[in-house]
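> Residue 644 in the working numbering sits at position 44 of the sequence shown, and the numbers go up by one each step.
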Amino acid sequence: MDQRKAIQLIKEYVQFLIEEKHYVIKQAILFGSYAKGSYHEDSDIDIAIVLEDLGDSFDEQLRLMTYRREFDVRIEPHPFDEARFDEQSPFAYEIIKTGIRIL
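1) Compute the distance between the beta-carbons of Ala648 and Ile629, then report whether it is under 7 Å.
2) So, Ile702 versus Ile618, is the Cβ gap smaller than 7 Å?
3) Quick check on the burial criterion: 16 or more other C-beta atoms within 10 angstroms. Buried or exposed for Asp646?
4) Would you check if the distance between the CB atom of Ile635 and the CB atom of Gly699 is smaller than 7 Å?
5) So, using beta-carbon positions, are Lys626 and Glu682 closer together than 7 Å?
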């Protein structure tokens, strides 16, 4: 899958989460190898999903991973709470700096 197709897939996944599962997503950012252009056929499609209210991040990640099955199992959702997703976090800073904003 090329980067263009990965972006389209992520857009559809995010739209599904918003419309069908009623998520309040503040930002969705493609990051990692697909954002940097260093992907290969088996690469994960990493996406930061910034939620208005995260709650338990482990449980939320499991739910998001379950929903990805309808799209592509290579999608790796990484949920973040909006209040904690800022440039002070090294991981968030890297995502913001190198990622491709989808939403």
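Ideal placement from N, C-alpha and C gives every residue a C-beta, glycine not left out.
Keep in mind it's a predicted model, so treat the numbers as computed, not measured.
In short, the structure shows the following:
1) As a working note, residue 648 is residue 48 in the sequence shown. As a working note, residue 629 is residue 29 in the sequence shown. Yes. Within cutoff.
2) The residue you call residue 702 lines up with position 102 of the sequence shown. The residue you call residue 618 lines up with position 18 of the sequence shown. No, the Cβ-Cβ distance between Ile702 and Ile618 is not below 7 Å.
3) Here residue 646 refers to the residue found at position 46 of the sequence shown. Classification for Asp646: buried.
4) Here residue 635 is taken as the residue at index 35 of the sequence shown, counted from 1. Here residue 699 is taken as the residue at index 99 of the sequence shown, counted from 1. Reading off the sequence shown, one finds Ala at residue 635, where the question assumed Ile. Cβ distance < 7 Å, so Ala635 and Gly699 count as in contact.
5) Numbered from 1 along the sequence shown, position 26 holds the residue referred to as residue 626. Numbered from 1 along the sequence shown, position 82 holds the residue referred to as residue 682. Yes, the pair counts as a contact, with Cβ atoms nearer than the cut-off.
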